[in-house]
Amino acid sequence: MSFKEVNIKDLNENFVKAIADEWMLVTAGDEKKHNMMTASWGFVGEMWGKDAAVTVIRPQRYTKEFIDSHDMFSLSFYGNDKKLHGITGSKSGKEIDKTEATGLTPVYDYGTVYFEQARLVLICRKLYVSRLDPDKFIDKENLKWYENKDYHYVYVGEITHTLIKE
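Each residue of the sequence shown is one higher than the one before, counting from -15 in the working numbering.
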């Protein structure tokens, strides 16, 4: 199967539902080496006059090394089958080859990596990164997510390509 490029504004996608309920893979790297992780927090919208996506990554995640060292990353969606997320969300790419463990087929294009099995892929160019600052939390109750003080890094990416499975 192949992908068709579409304008993201033409999609009837509920990204709140897709990210929160379906989850997504955040992937970065190249043909030599890449890594991916499950994410269930993020946003899609407009930022600085561009179609944009926001994802967050904790400092200890191996995928952070890849997203930091590359200009591009992908966000991909796979439907309601959470089996692959059992591996990509709980195993480290430092310890196992997640691509092999999941059986996903990598596609190297647009300066990043995504997977043939995805139903929807957002290719993003990094625009901004910043670590969440605990002193800036207005609603201090949200600090409960950070018992280990491992505050997420926030990545804003311009969506340069939107791909849907044909």
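Note that CB positions come from ideal geometry on N, CA and C, so glycine has one too.
- DSSP places residue 26 in the uninterrupted beta strand (DSSP E) bounded by 26 to 31.
- Uninterrupted alpha helix (DSSP H) stretches at least 4 residues long and entirely within the stretch 17 to 96 occur at 46 to 53, 67 to 72 and 82 to 86, given in chain order.
- The way I'd put it, the stretch 30 to 49 does touch the stretch 132 to 146; three or more beta-carbon pairs between them come closer than 8 Å.
- Counting the other Cβ atoms within 10 Å of the Cβ of residue 32 gives fewer than 16, which makes it exposed.
- With contact defined as three or more Cβ pairs closer than 8 Å, the stretch -14 to -4 and the stretch 40 to 50 are not in contact.
- Residue 14 is positioned such that its CB atom lies no closer than 9 Å to that of residue 113.
- Taking C-beta atoms under 8 Å as the contact rule, residue 91 and residue 11 fail to qualify, at a distance of about 10 Å.
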